[in-house]
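What follows is a short report on a single structure.
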Amino acid sequence: MGEEKDGVPNGEMAPQEESSKVLLNEGADGAKAEVQAADIKVDIATEDEFRGLTKSELMKYAKDPFWVRLRIILMFLFWAAWVAMLVLAIWIIVKAPACEPPPTITWMQESAMVEVNPSAMDPQDSVNLVKALGLSSFYIPALISGHDFYKLNPAYVAEQVTSLLQVHDEQVTSLLQALTGAGVHGVTDFVPSPVLPYNSWVVNTSYAHLFNLPALTLNYDEEDLSPELQKVLIFWKNEYNITGFTVPADETEKQPELHNLTTSLNHDLADQDIVVGEGMVDVSDAVSNLNLPGSFQQFLKLNSDSWPYYKFMPVVADHRTASPAQMPAVTMALMLSPGTPILQIPGNNTEKFVTSLGGVVAACSELRSKDAFKFGATEFVNSTANVVAFTRIRTMKGVTKLPVCVQDDEGRH
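Take the sequence shown: its letter number 354 is residue 354 in full-length UniProt numbering, and every next letter is one higher.
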């Protein structure tokens, strides 16, 4: 304090030394902060702040042998891991089980057919009929002669005419040219067996090993038979544009080895677009005796696991149990169930056939082109007194169901 004047204290502060200071945390590590209040300085210790290496310090460490080796090791590890992952990815692709190829059906299975009669149908009328029904295939029965597999059936040859039902070979040729020229596939029956005693292969002893003697049936186990039949089928394609051949179902049942032969023929003739189809059966009589829906549903179930070729005339004889009004419904069900219908025209009356069933056949032909029909599995659902219903269930991704419902109620379907 200042000196007293006249007994009163002096209000001025006593002078202090300029160097007077108070140190807080003296001796603590780190920098010190000076706090100056009036003439008093206080040093406060503070913690170090992080600061990175300078460039020179960094280069010093970068050239250190330890870090050089570490960088090289990490680089090799990176590329080794990258190459290993690449090799592993390739190995997985190669070794992974391959996806099943998409299912396919032949052109002969895809489209229904109509049977044409060269003796009763004009070539252009035949073309118009096939187009009106939305079909891409036609069928002429038994074109191949039992006398010589390289000739027409004598029933179609002028020199063999014995009745008005037989026609000149020129008519057959004109009909085939008109239909195949319009882009329609031609189909006939497979090489007949047993053959006639004077068949050209029987007469020629060099073909004797192709037969089961003395029955004159073809020996389907004989290795030389397939090449000879290939020559025959290629001849019919080149000469008459016939590329489809149907094998009767009973023939396959009697001789199971025929299945191996047809499989071999289809494989070897695939590049020729020639198809040999098994399972030809005439169901006209069976259908005429059916009562919808129960018996007809059982009929469909019997064939749902195979792909037969149905010969079918959509008319009913007077003594049959089925009603003529049921035939459109029966035709629709056969067109949309697994199999290929071969429609036979009653009395060769094409105009009446197109009027009565043309719309049903054309609509079903369009549905047959859908993947659900071609590749679906058939599942039957509960039927009522007048309804048969089944579904073509999709069997691969992206294919929708195709429900089919056939109703027989006073002729409606």
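Every residue gets a Cβ at the ideal spot worked out from N, C-alpha and C, and that includes glycine.
{"Query": "Could you give the residue range of the beta strand (DSSP E) that holds Met280?", "Result": "Val275 to Asp282"}
{"Query": "Please go through the stretch 49 to 123 and give each complete beta strand (DSSP E) segment of 3 or more residues, from N-terminal end onward.", "Result": "113 to 115"}
{"Query": "Does the distance from the CB of Phe312 to the CB of Val287 come in under 8 Å?", "Result": "yes"}
{"Query": "Where Ala178 and Pro118 are concerned, what is the direct C-alpha to C-alpha distance, given to the nearest angstrom?", "Result": "11 Å"}
{"Query": "So, with DSSP's three-state summary, where would you put Ala215?", "Result": "coil"}
{"Query": "Just mark Gln109 as buried or exposed, buried being the case when its beta carbon has 16 or more other beta carbons within 10 Å.", "Result": "buried"}
{"Query": "If you drop the 5 nearest sequence neighbours on each side, which residues of the same chain put their C-beta closer than 8 Å to that of Tyr61?", "Result": "Leu53 and Trp67"}
{"Query": "Work out the CA separation of Ala84 and Met335 for me, nearest whole Å.", "Result": "56 Å"}
{"Query": "Gly186 and Gly244: beta carbons closer than 8 Å?", "Result": "yes"}
{"Query": "Tell me Val187's beta-bridge partners as DSSP assigns them.", "Result": "Tyr139 and Gly244"}
{"Query": "So what's Leu233 in DSSP terms, helix, strand or just coil?", "Result": "helix"}
{"Query": "What does the Cβ neighbour count give for Arg51, buried or exposed, with the cut at 16 atoms within 10 Å?", "Result": "exposed"}
{"Query": "Whose C-beta lies closer than 8 Å to the C-beta of Asp268 among residues of the same chain, with five residues either side of it excluded?", "Result": "Ser226 and Gln230"}
{"Query": "Using the DSSP secondary-structure output, state which residues sit across from Phe353 in a beta bridge.", "Result": "DSSP lists no partner for Phe353."}
{"Query": "Is DSSP giving Phe373 helix, strand or coil here?", "Result": "helix"}
{"Query": "Does the Cβ-Cβ distance between Glu192 and Ile144 come in under 8 Å?", "Result": "Note that residue 192 is Pro in the sequence shown, not Glu. Yes, they are a contact pair."}
{"Query": "Is the stretch 243 to 263 close to the stretch 206 to 225, with three or more CB pairs under 8 Å?", "Result": "yes"}
{"Query": "Locate the beta strand (DSSP E) running through Lys151, then write down its first and last residues.", "Result": "No beta strand (DSSP E) holds Lys151; DSSP gives it neither H nor E."}
{"Query": "In three-state terms, what does DSSP make of Leu269?", "Result": "coil"}
{"Query": "Taking 7 Å as the cut-off, is the C-beta of Leu86 nearer than that to any heavy atom in the ligand PLP?", "Result": "In terms of ligand content, the structure shown is empty, and the ligand PLP therefore cannot be addressed."}
{"Query": "Excluding sequence positions up to five away, which residues of its chain have a Cβ less than 8 Å from the Cβ of Ile105?", "Result": "Trp307, Lys374 and Phe375"}
{"Query": "Go to Leu343, then tell me how far its beta strand (DSSP E) extends in each direction, as first and last residue.", "Result": "Thr340 to Leu343"}
{"Query": "So the candidates are Gly339, Glu253, Glu228 and Ser337; which of them puts its Cα closest to the Cα of Tyr207?", "Result": "Glu228"}
{"Query": "When DSSP labels each residue in this structure, what does Tyr220 get in the three-state scheme?", "Result": "coil"}
{"Query": "Identify the continuous alpha helix (DSSP H) that holds Gln255 and give its terminal residues.", "Result": "From DSSP, Gln255 is part of no alpha helix (DSSP H); its letter is neither H nor E."}
{"Query": "What's the C-alpha gap between Ala112 and Glu253?", "Result": "24 Å"}
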